[in-house]
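See structure below.
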Amino acid sequence: MQSNGEDMNLPFSHQEYYDRQSSFLDQLPVGSVVIIPTNTKKCRSNDTNFPFRANSYMLYLSGWDHPGGIWVADNLDSTWKTSLYVRDNDTKSEIWEGRILGPDYVSKNMPVDSGFSINSFDEDFIQYIHNDNFNYIYSIGGVDEHIDQLISDNNVVKLDARNFLDKLRVNKSDNEIEIMKKSAELASQAHILAMKSGNSDVSECHLQSIIEGYFISNHSRWAYPSIVGGGDNATILHYSVNQDDIKDGELVLIDAGCEIEGYASDITRTWPVNGIFTDAQREIYELVLAAEKAAIQACQVGAPWNSFHEAASNVLAQGLIDLGILDCTLNEALGDDYNGPYRNYFMHGTGHLLGLDVHDVGGGRQGDDVPSPVFSSGMILTVEPGLYFASWRTDVTIPERYSGIGVRIEDNILITDNGPIVLTSSCPKEIDDIEAIIGTGE
Ligand SMILES: [Mn+2]
52 MQSNGEDMNL PFSHQEYYDR QSSFLDQLPV GSVVIIPTNT KKCRSNDTNF
102 PFRANSYMLY LSGWDHPGGI WVADNLDSTW KTSLYVRDND TKSEIWEGRI
152 LGPDYVSKNM PVDSGFSINS FDEDFIQYIH NDNFNYIYSI GGVDEHIDQL
202 ISDNNVVKLD ARNFLDKLRV NKSDNEIEIM KKSAELASQA HILAMKSGNS
252 DVSECHLQSI IEGYFISNHS RWAYPSIVGG GDNATILHYS VNQDDIKDGE
302 LVLIDAGCEI EGYASDITRT WPVNGIFTDA QREIYELVLA AEKAAIQACQ
352 VGAPWNSFHE AASNVLAQGL IDLGILDCTL NEALGDDYNG PYRNYFMHGT
402 GHLLGLDVHD VGGGRQGDDV PSPVFSSGMI LTVEPGLYFA SWRTDVTIPE
452 RYSGIGVRIE DNILITDNGP IVLTSSCPKE IDDIEAIIGT GE
């Protein structure tokens, strides 16, 4: 057989993919068919598509990172067989859009038993569900409408494959950790470059271009739309317009991370564009930094998930009292279940799991409807407390001294048996280090 396309270098050994597949499939009963689709091309305008990004479950199970494809496993004949259905070679579309690897390539080079044409999937699906041994479909909904429709039209018992895969994705392997370290280091260097190009009339979009330009020139890309907010814009949690000029004396908040082999980094730094923190900015910054360090220290094997949020919250609430922003006791500031008035200025969670999705699966975000994990070795998460004093808010008291200040500090943390390791430690966050680097150019 001849190779159909360029050689594809997978980020992990076939053995690592096979190990992931068995850890998943070994939990399923006989008579199961697993159907994991990946993303297809998405139209941006007319005949122009959004940049393609593979589905994270597909990347996890097989490393297949091309548009279209269905990973299928079945144990209808008592042993597991795995297949990957992909697009056929098609010279006309390859001339326009690039080489298609095709089913033969998949059979020879991908960590599955067989490669098939995606055009034969619908027929094969009917074969699977009419097999005498068939009981259940395990799939992930909301990725491929056609697959969702096919399953619902045929009235089969469909169970959620995420219930198994999400748990497996929480603890990273040594090889995943190595890639995530690279992702964290690349993003750290991008933030350093942005700090170096800070000055009193820099624009948000200029800083964005420095960060994202560095990602692109290092074979990477953003893991989520970059947030670059000066002054009041830093108080908008998911601000991503990034078009304003930043005024002399203002802070800029940059929340930007990249991905390598699909694995995200997620860093936030906040710094004065002119290189000098004002007293008021310094007061808030030091408080958030103290909360961040306390939260990192709380990331210990065996601790319940909420412990790092509680650690950050205790420091922030006490600090808000000490600065005269809240006039109450610590218990009143924290409130029941950490929902007291300190949340007027810190309205998000302290962090989230990080991996193939920037807000990674497996529990570990406030509001997730799956049980929160207990910290265990190999988990990677963000720690990112913040304080926000939006000048335009009228629903809460915004002290004049702090009006227009938004500060968030975010690092990426690996949990180990010997304590937390900060993967983003090369990115400065101490005030002296930040002031020393701003505006120093390249
Ligand atoms: Mn984050």
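Using my numbering, the letters of the sequence shown map in sequence onto residues 52 to 493.
Ideal Cβ positions, reconstructed from N, Cα and C, are used throughout, including at glycine.
DSSP three-state label for residue i, please.
i: V292; result: coil
i: S40; result: Limits of the chain in this structure are 52 at one end and 493 at the other, which puts residue 40 out of reach.
i: N463; result: strand
i: S129; result: coil
i: S64; result: coil
i: I489; result: coil
i: N390; result: coil
i: Y439; result: strand
i: L210; result: strand
i: D58; result: Since pLDDT at D58 reaches only 46, below the 50 mark, its modelled position is unreliable, and no value is offered.
i: Q72; result: helix
i: R104; result: coil
i: S477; result: coil
i: L385; result: helix
i: I449; result: coil
i: L79; result: coil
i: Y396; result: coil
i: D116; result: coil
i: D420; result: coil
i: Q53; result: A caution first: Q53 carries a pLDDT of 34, below 50, which makes its placement in the model unreliable, though a value can still be read off. Reduced to three states, the DSSP call for Q53 is coil.
i: D483; result: helix
Does the beta-carbon distance from residue i to residue j come in below 8 Å?
i: A368; j: S358; result: no
i: Y111; j: L216; result: yes
i: P62; j: G114; result: yes
i: G353; j: Y187; result: no
i: T40; j: H403; result: This structure leaves residue 40 out entirely; the chain is present only between 52 and 493.
i: N293; j: V279; result: yes
i: L219; j: F75; result: yes
i: T401; j: A441; result: no
i: P436; j: W356; result: no
i: G326; j: E301; result: no
i: I86; j: S190; result: yes
i: V458; j: V339; result: yes
i: I305; j: S271; result: no
i: D125; j: V84; result: yes
i: G494; j: T89; result: Nothing about residue 494 can be reported from this structure: the residues present for the chain run from 52 to 493 only.
i: D155; j: G166; result: yes
i: T475; j: I267; result: no
i: R452; j: A331; result: yes
i: S477; j: E236; result: yes
i: T329; j: I460; result: no
i: Y275; j: V409; result: yes
i: I431; j: L407; result: no
Pull the bridge partners of residue i from the DSSP assignment, please.
i: W322; result: V303
i: F426; result: None, per the DSSP bridge assignment.
i: I86; result: V123, S190
i: D432; result: One point to set straight first is that residue 432 is Leu, not Asp, in the sequence displayed. Note: L432 sits in a beta bridge opposite L404, I464.
i: S203; result: Looking at the DSSP assignment, S203 forms no beta bridge with any residue, so it has no partner.
i: T99; result: S96
i: P471; result: I466
i: G457; result: Y439
With distance defined between alpha-carbon atoms, name the residue in the options nearest to residue i.
i: V194; options: H181, N205, K92, G281; result: K92
i: D295; options: N284, L288, Y108; result: N284
i: D388; options: I318, G406, E361, D408; result: E361
i: I169; options: L219, D252, W147, W122; result: W122
i: Y396; options: P323, Y439, I482, S107; result: Y439
i: E208; options: Y179, M231, I347, G429; result: Sequence inspection shows Val at residue 208; the Glu mentioned does not correspond to that position. Nearest C-alpha to V208: Y179.
i: K223; options: I305, L465, T130, N184; result: L465
i: I376; options: G418, E255, P392; result: P392
i: S254; options: D408, V324, V447, I460; result: V324
i: I202; options: N184, E174, N214; result: E174
i: Q200; options: R213, F176, S144; result: F176
i: N206; options: F185, Y314, D225; result: F185
i: D211; options: N100, G415, I488, Y108; result: Y108
i: T99; options: D139, E148, N60; result: E148
i: D139; options: K132, E461, H117; result: H117
i: T286; options: G455, E461, G153; result: G455
i: R213; options: G414, I488, K480, D462; result: G414
i: V221; options: S428, I449, G490; result: S428
Could you tell me which whole alpha helix (DSSP H) segments of length 4 or greater appear in the region 212-294? For the region 212-294, whole alpha helix (DSSP H) runs of length 4 or above, ordered along the chain, are 213-221, 225-247, 255-268.
Taking only runs of the beta strand (DSSP E) that begin and end inside the region 134-197, which ones reach a length of at least 3 residues, in chain order? Within the region 134-197, the beta strand (DSSP E) runs of at least 3 residues that lie entirely inside it are, in chain order, 165-168, 187-190.
Please give the ranges of any beta strand (DSSP E) in the region 303-383, keeping only runs that are unbroken, at least 3 residues long and fully inside the region. Whole beta strand (DSSP E) segments, 3+ residues: 309-311, 318-323.
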